[in-house]
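Protein chains in written order, with my numbering: chain A, 143 to 391; chain B, 121 to 382.
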Amino acid sequence: MIELDRAGRSFKVKRNVVHAVRDLSFTVAPGEFVGYLGPNGAGKSTTIKMLCGILTPTSGTVRVAGLDPSRRRTTLARRIGVVFGQRTTLWWDLPLADSFELIRHLYRVERAAFRARLAELTETLDLGPFLRTPVRQLSLGQRMRGDLAAALLHAPEVLVLDEPTIGLDVVSKAGIRDFLARQNAERGTTVLLTTHDLGDIERLCRRVMVIDHGRLAFDGTLPELMATAPEQSSIEDVVTRLYTAGSAP
Amino acid sequence: MVSTYFLLIWTWTRSAAAYPVSFALMTVLGFLIAAIDVAVILVIFANTTSLAGFSRDEALFLYGASGLAFTICDTFVSNLDRTSQHIKAGTLDTFLIRPVSPWIQLAADRFMATRIGRILQAALVLGYAVAALGIGWDRAWMIPVMVVTGIVIFASLWTIAGAAQFLLTDAPEVVNAFTYGSSQLTQYPLSVYARDLVRGVTYVLPLAFVNWQPGLYVLGRDDPFGTPGFTRFLGPAAALVLALLAALIWRQGVRHYRSTGS
């Protein structure tokens, strides 16, 4: 479903070339739920932006759902759902329901399919109480649920989430995690999730990838990840070891 | 594509119409501010009977033709020149994940229906000039052609201005010289300008085809700069070339987008 082959992205900053991501290769099979970890500035967001075609890779190849994202961005957009935890994709001044209606047009979702999907998402994400509220008046937790629904209205095969639980309280987090787990289990949606909340990883991800300095530092199952450290270590310890090992010269 | 665009501008209009008084005031003010430009032309002709060889009504005709094309673009696509704001705010990312061209989404973003007052003003001036000059149908057919040509040329300029901001993220005002500057330039008969400048806006940046070259045909005049007669009809071709160039530059701009940090 997702294939990267020696993908890289560099930026020219003044006269220096900064490699945000370099020689990154991995494959995610359909139906997988993968956690994508890394310290700040490791290249997580850059990877995600290459996956949805926002950034063109400067080397190597990226394929999502069989398409080259940067060349077939709008075609791919119909098959991928993207959520940026740090910014909303909804229309700030419009009620949530109007944003959804616009999305229905933009993605050309059939009316009947849209109604069924919206009813399902409204129930599972409990959107009912604030469907008529303008997005700017929503709480962060409500907005994030709205953003998740917006990303899934067109029933994408792949869901890419960039820190979807950032800033949320425990209850909201739990709600979002349950929802994502169901989405993956019942609909078979492939999910790639970046997060700094290791609770997300423990609860959701069978497979974990760790990126550091633009390179893959670990790729395996959660038990395998735990096995890289002495026994009795918490997941925080394990991840801390990985992050700090990468920054050593 | 077109239906998506109109759906988006309708959405913005609806949210603006939530404040009806401000909506009405903005429309009327837009109309009045645009009228100042006409007042300037009328003041000039209060002191002289011709401007670089053109009568008052002929000058108003050229002004109206350029103004109509420009205000239509200013209303419907000018938000393209906010590309840099969207880049800085990170909102361009959200445009790029949707299955609709970011060009359409940017052009429609924060659409202001109140600018329609200015289109109306330009249309009135053009209508008045055509009536006052008594232009016959044998030449008036060129008027819709020149307005469409003008729209394509101005829209292309805005597209290039927007695309340039992918590089000039920190200097978005630079590009206004080309968009708003072009409108200012074409408000007067080009014969008021120096020959080299007019050459530049004929052969390099084809502004002369917005209203000057086709306008000379409508008015039945020879070009004071002596371009051959067939040049009057080159507008659509020039507009097409510029539009293709703009599309190419836009594509390159999007491909070289660097996004923001998070």
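In this text, a Cβ means the ideal position worked out from N, Cα and C, and glycines have one as well.
Suppose the cutoff is 6 Å on Cβ atoms and the five residues either side in sequence are ignored; what does the same chain contact list for D339 (chain A) look like?
Within the first sequence, the letter at position 197 stands for residue 339 (chain A). Excluding positions up to five away in sequence, the list reads T307.
Determine, using beta carbons only, whether S135 (chain B) comes closer than 8 Å to chain A.
Taking the second sequence and counting its residues from 1, the one referred to as residue 135 (chain B) is at position 15. Yes - at least one Cβ of chain A is within 8 Å of the one on S135 (chain B).
Is it the case that the Cβ atoms of V295 (chain B) and A275 (chain B) are separated by a distance below 8 Å?
Translated into the one-based positions of the second sequence, residue 295 (chain B) becomes position 175. Translated into the one-based positions of the second sequence, residue 275 (chain B) becomes position 155. Here V295 (chain B) is not near A275 (chain B), since their CB atoms are 8 Å or more apart.
Output, in sequence order along the chain, the residues in the segment 321-332 of chain B whose CB is closer than 7 Å to any CB in chain A.
Against chain A - using a Cβ distance shorter than 7 Å - the segment 321-332 of chain B contributes no residues.
Could you list which residues in chain B have their beta carbon closer than 7 Å to that of L294 (chain A), in chain order?
Residue mapping note: residue 294 (chain A) aligns to position 152 of the first sequence, counting from 1. When 7 Å is used as the limit between beta carbons, L294 (chain A) is near no residue of chain B, the shortest such separation being about 13 Å.
Could you work out which residues of chain A lie near T234 (chain B), taking near to mean beta carbons separated by less than 7 Å?
Residue numbering aside, residue 234 (chain B) sits at position 114 when the second sequence is read from its first letter. Residues of chain A passing the Cβ test: none, with the nearest at roughly 16 Å.
Would a check of beta-carbon distances place P140 (chain B) closer than 8 Å to chain A?
To locate residue 140 (chain B), count along the second sequence from 1; it is residue 20. Answer no: the Cβ-Cβ gap between P140 (chain B) and chain A never drops below 8 Å.
Through-space distance from I245 (chain A) to T370 (chain A), alpha-carbon basis:
Translated into the one-based positions of the first sequence, residue 370 (chain A) becomes position 228. Translated into the one-based positions of the first sequence, residue 245 (chain A) becomes position 103. In a straight line, the C-alpha of T370 (chain A) is about 44 Å away from that of I245 (chain A).
My parser needs the alpha helix (DSSP H) runs of 4 or more residues fully inside the segment 316-358 of chain A; what are they?
Listed in chain order, they are 340-346.
Taking only the alpha-carbon atoms, compute the straight-line gap between Y377 (chain B) and S204 (chain B) and give it to the nearest angstrom.
As a first step, residue 377 (chain B) must be located in the second sequence, where it is residue number 257. As a first step, residue 204 (chain B) must be located in the second sequence, where it is residue number 84. Y377 (chain B) and S204 (chain B): Cα-Cα distance of roughly 11 Å.
Whose Cβ in chain B lies nearer than 7 Å to the Cβ of A219 (chain A)?
Residue mapping note: residue 219 (chain A) aligns to position 77 of the first sequence, counting from 1. For the C-beta of A219 (chain A), the chain B residues within less than 7 Å are, from N- to C-terminus, I217, R218, P219.
State buried or exposed for I398 (chain B), treating a residue as buried only when at least 16 other CB atoms are found within 10 Å of its CB.
There is simply no residue 398 (chain B) to check, as chain B begins at 121 and stops at 382 in what is shown.
Please state if the CB of A227 (chain B) and the CB of L200 (chain B) are separated by a distance shorter than 8 Å.
As a working note, residue 200 (chain B) is residue 80 in the second sequence. As a working note, residue 227 (chain B) is residue 107 in the second sequence. In terms of Cβ geometry, L200 (chain B) and A227 (chain B) form a close pair [threshold 8 Å].
Continuous beta strand (DSSP E) stretch holding L158 (chain A): start and end:
Your numbering for residue 158 (chain A) matches position 16 in the first sequence. Strictly speaking, residue 158 (chain A) in this sequence is Asn, with Leu absent from that position. That run of the beta strand (DSSP E) goes 158-170.
If you measure between the beta carbons of K208 (chain B) and T279 (chain B), is that distance less than 8 Å?
Numbered from 1 along the second sequence, position 88 holds the residue referred to as residue 208 (chain B). Numbered from 1 along the second sequence, position 159 holds the residue referred to as residue 279 (chain B). No. Outside cutoff.
DSSP-derived helix/strand/coil call for S375 (chain A):
Here the question's residue 375 (chain A) lines up with position 233 in the first sequence. Three-state result, S375 (chain A): coil.
With a CB to CB cut of under 6 Å and the five nearest residues on each side skipped, what residues in its chain are close to L301 (chain A)?
For the purposes of this step, residue 301 (chain A) is identified with residue 159 of the first sequence, where counting begins at 1. The residues G223, T331, V333, in chain order, have a CB closer than 6 Å to that of L301 (chain A) in the same chain once the five nearest residues on each side in sequence are set aside.
Return yes when the Cβ of R349 (chain A) is within less than 8 Å of the Cβ of V225 (chain A), no when it is not.
Locating residue 225 (chain A) in the first sequence gives position 83, counting from the first residue. Locating residue 349 (chain A) in the first sequence gives position 207, counting from the first residue. No; because the gap between Cβ atoms is not below 8 Å, this pair is not in contact.
Of the residues B:D342, B:I369, B:S142, which one's Cα is nearest the Cα of G173 (chain B)?
By 1-based counting over the second sequence, the position of residue 173 (chain B) is 53. Out of B:D342, B:I369, B:S142, B:D342 has the C-alpha closest to the C-alpha of G173 (chain B).
Counting C-beta neighbours from all protein chains within 10 Å, is the total for V313 (chain A) 16 or more, i.e. buried, or is it exposed?
Counted from its first residue, the first sequence places residue 313 (chain A) at position 171. Under this definition V313 (chain A) is an exposed residue.
Can you tell me which of the three DSSP states S276 (chain B) falls into?
Translated into the one-based positions of the second sequence, residue 276 (chain B) becomes position 156. S276 (chain B): helix per DSSP, three-state reduction.
Shortest alpha-carbon distance to R214 (chain A) belongs to which of B:P264, B:G301, B:Y139, B:V220?
For this step, residue 214 (chain A) is matched to residue 72 along the first sequence. Out of B:P264, B:G301, B:Y139, B:V220, the CA that lies nearest to the CA of R214 (chain A) is found in B:V220.
Let me know if V155 (chain A) comes out buried or exposed under the rule of 16 or more other beta-carbons within 10 Å of its beta-carbon.
One-based indexing of the first sequence puts residue 155 (chain A) at position 13. Exposed is the call here.
Among A:V352, A:C347, A:A316, which has the Cα closest to the Cα of G173 (chain A)?
One-based indexing of the first sequence puts residue 173 (chain A) at position 31. Distance check between G173 (chain A) and each of A:V352, A:C347, A:A316 places A:C347 closest, using alpha-carbon atoms only.
Determine the direct distance from the alpha carbon of H355 (chain A) to that of P391 (chain A), and round the result to whole angstroms.
Start at 1 with the first residue of the first sequence, and residue 391 (chain A) comes out as number 249. Start at 1 with the first residue of the first sequence, and residue 355 (chain A) comes out as number 213. With a pLDDT of only 42 at P391 (chain A), under 50, the local geometry of the prediction cannot be trusted, and the value read off the model is given with reservation. So the alpha carbons of these two residues sit roughly 12 Å apart.
Residue environment, I92 (chain B), which counts as buried when at least 16 other CB atoms sit within 10 Å
Not covered by the structure: residue 92 (chain B). The range shown for chain B is 121 to 382.
Applying the criterion that 16 or more other CB atoms from any shown protein chain within 10 Å of the CB defines a buried residue, is V312 (chain B) buried or exposed?
Counted from its first residue, the second sequence places residue 312 (chain B) at position 192. It is exposed - the Cβ of V312 (chain B) has fewer than 16 other Cβ atoms within 10 Å.
List, in chain order, every chain B residue whose beta-carbon is nearer than 9 Å to that of V313 (chain A).
The count along the first sequence starts at 1 and reaches residue 313 (chain A) at position 171. Simply none; closest approach about 25 Å.
Residue ranges of each beta strand (DSSP E) within the segment 223-306 of chain B, 3 or longer
Not a single unbroken stretch of the beta strand (DSSP E) spanning 3 or more residues falls wholly within the segment 223-306 of chain B.
Is the Cβ-Cβ distance between V260 (chain B) and V250 (chain B) less than 8 Å?
Reading the second sequence from its first residue, position 140 is the one you call residue 260 (chain B). Reading the second sequence from its first residue, position 130 is the one you call residue 250 (chain B). Looking at the sequence shown, residue 260 (chain B) is not Val but Ala. Their beta carbons are under 8 Å apart, which means A260 (chain B) touches V250 (chain B) by this criterion.
Mark L246 (chain B) as exposed unless 16 or more other C-beta atoms lie within 10 angstroms of its C-beta, in which case mark it buried.
Walking along the second sequence from the start, residue 246 (chain B) turns up at place 126. Counting C-beta atoms within 10 angstroms of its own C-beta, L246 (chain B) has 16 or more neighbours from the protein chains shown and is therefore classed as buried.
Please decide whether L197 (chain A) counts as near chain B, where near means a Cβ-Cβ distance under 8 Å.
On the first sequence, position 55 is the one that residue 197 (chain A) refers to. Chain B contact via Cβ: present.
So what does DSSP say about A390 (chain A), is it helix, strand or coil?
Here residue 390 (chain A) is taken as the residue at index 248 of the first sequence, counted from 1. Confidence in A390 (chain A) is poor, its pLDDT being 47 and thus under 50, which makes the residue's placement unreliable; the coordinate value appears in the next sentence. Residue state, collapsed to three classes: coil.
Please state whether DSSP places V176 (chain A) in a helix, a strand or coil.
As a working note, residue 176 (chain A) is residue 34 in the first sequence. Residue state, collapsed to three classes: strand.
Where L232 (chain A) sits in the DSSP three-state scheme:
As a first step, residue 232 (chain A) must be located in the first sequence, where it is residue number 90. In the structure shown, L232 (chain A) sits in coil (DSSP, three-state: anything other than H, G, I, E or B).
Just to make sure I have the definition right: I need the residues of chain B whose C-beta is within less than 8 Å of the C-beta of S212 (chain A). Which are they?
Here residue 212 (chain A) refers to the residue found at position 70 of the first sequence. By Cβ distance, chain B contributes R375.
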